[in-house]
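In what follows, a single structure is set out as structure tokens and then discussed.
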Amino acid sequence: MLSFTDQSSDELGVIMSYSFLCGASDSNQNENNNKESSKELLSSSSNAPAVVEDKQEYVKILTFGDSLTEGYHRCGFPFHPYSIELERSIDAKFSNANSQREVLIHQFGLSGEFTDHMIPRLSNILEKATSSSYPYRVVCVLAGTNDLSSDDNAEDIFSRLKELYTQVLAHGGDQGIILVTITLPQAAFLDDDYVERRAAINSKIKEYTSHHSSSSNSNSNSNSNDDSIKIKNHQQQVVCVDLEEGLPYFTPEGVKDTHHWDDALHMTPAGYDQFGRLVFSRLESHLESMV
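Here my numbering is used: the first residue of the sequence shown is 70, the next is one more, and so on.
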């Protein structure tokens with residue numbers, strides 16, 4: 070059921086795709102992405118197709134961000150992105166459904182990246198998807214953890230996050246798009262400045278999500294005859310995954326949760342899998358109407 074494709078040479082990431090319509094599995098591993106996810110999920114076949122563009126209908130999901138999206142752990146020797154478990158969860162839920170659509174998950178995490186570099190990179194990814202006539206239906210964005218290592222204040226960091234969010238919402242076509250905002254997780258760093266800035270950014274992420282969710286619901290229930298408003302608001306949905314609350318760094322006893330956390334900032338494979346399940350739990354009801 071699983072098939073995989075290489076990434077284009079000018080982008081980093083692992084593209085995961087699977088189909089509810091066929092049981093064949095083909096794969097082709099990019100030598101620049103020799104990651105744990107590939108070791109776990111790729112078959113030995115080298116006859117994988119290019120990105121599946123001949124399907125008449127399929128749902129594309131983009132997971133975008135830095136090392137926490139790429140699945141960095143054990144000093145970066147292996148990678149285990151949360152998109153692995155997101156794919157597994159989707160497959161377990163919908164593989165036996167009477168679906169006519171294929172689901173593709175594109176993982177574009179880049180370790181060490183700051184939000185100012187993410188803005189043009191995301192623009193390029195979305196532009197390519199639009200030009201292929203198959204825009205993304207769901208985009209998950211986790212960004213800003215590296216920015217916290219700088220002297221930038223929370224307002225400046227969040228302003229760049231909003232630029233990323235705006236790009237995603239503008240990407241949605243007539244079929245609409247779902248933006249998944251993700252709060253910055255806890256870490257081993259406990260100095261007041263770091264904790265306060267992270268808390269402020271997470272508060273703004275939640276406020277942004279709440280505001281856009283309210284606007285969408287309000288306009289979808291209105292009697293407006295303006296189709297552009299319906300498309301812009303009703304079909305552009307924003308949901309939040311509260312990673313800070315859903316995957317705490319410290320146990321109730323105040324010690325590091327070593328099962329889910331690898332180092333001061335990055336998760337273990339078990340942690341990334343839990344991350345993927347948290348994302349799926351927020352997307353499940355939306356995906357039911359898509360696939």
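Cβ coordinates follow ideal geometry from the N, Cα and C atoms, glycine included.
For residue i, the residue or residues it bridges with in DSSP
i	result
I246	Q305
V208	L131 and L248
F319	K325
V237	Paired residue(s): none; V237 is not in a bridge.
M336	W330
V348	Paired residue(s): none; V348 is not in a bridge.
V264	According to DSSP, which records beta bridges pairwise, V264 is partnered with nothing at all.
V310	I251
Given residue i as reference, the closest of the options once Cα atoms are compared
i	options	result
Q305	Y141, L233 and V237	V237
N222	L233, V264 and R157	V264
F258	A268, I226 and V249	A268
G213	A198, L155, L248 and R229	R229
I251	I153, L316 and S164	L316
I270	I247, A256 and L217	L217
H281	Q176, L248 and I153	L248
D331	K129, F148, I130 and L211	F148
H175	S201, E156, F183 and E314	E156
G181	D326, N215, D260 and R190	N215
V310	R346, F183 and D160	R346
Euclidean distance between Cα positions of residue i and residue j
i	j	result
R351	D220	33 Å
E100	P338	The pLDDT assigned to E100 is 32, lower than 50, so where the model puts this residue is not dependable, and the model offers no usable value.
V324	P150	25 Å
V208	T278	14 Å
H355	V308	10 Å
F227	D243	28 Å
H240	E322	44 Å
R170	E353	15 Å
E224	E232	13 Å
I246	L131	11 Å
L211	T138	7 Å
K273	R266	11 Å
S164	E357	12 Å
H328	A256	14 Å
E276	Y234	13 Å
H186	S158	31 Å
S201	E314	37 Å
K197	T320	42 Å
D160	D261	42 Å
S183	P189	With the sequence shown as reference, residue 183 is identified as Phe, and Ser is not the correct amino acid for it. When rounded, the distance between both Cα atoms is 11 Å.
M336	K129	26 Å
T199	I153	25 Å
Beta carbon of residue i nearer than 9 Å to that of residue j
i	j	result
M359	R206	yes
F344	K162	no
Y127	V172	yes
G140	Y341	yes
G399	F146	Given that the chain is displayed from residue 70 to residue 360, the structure contains no residue 399 and the question cannot be resolved.
L253	L312	yes
L334	S192	no
* Curious, which full-length alpha helix (DSSP H) runs of at least 4 residues does the segment 131-204 contain? -> Within the segment 131-204, the complete alpha helix (DSSP H) runs of at least 4 residues are 136-139, 152-163 and 184-200.
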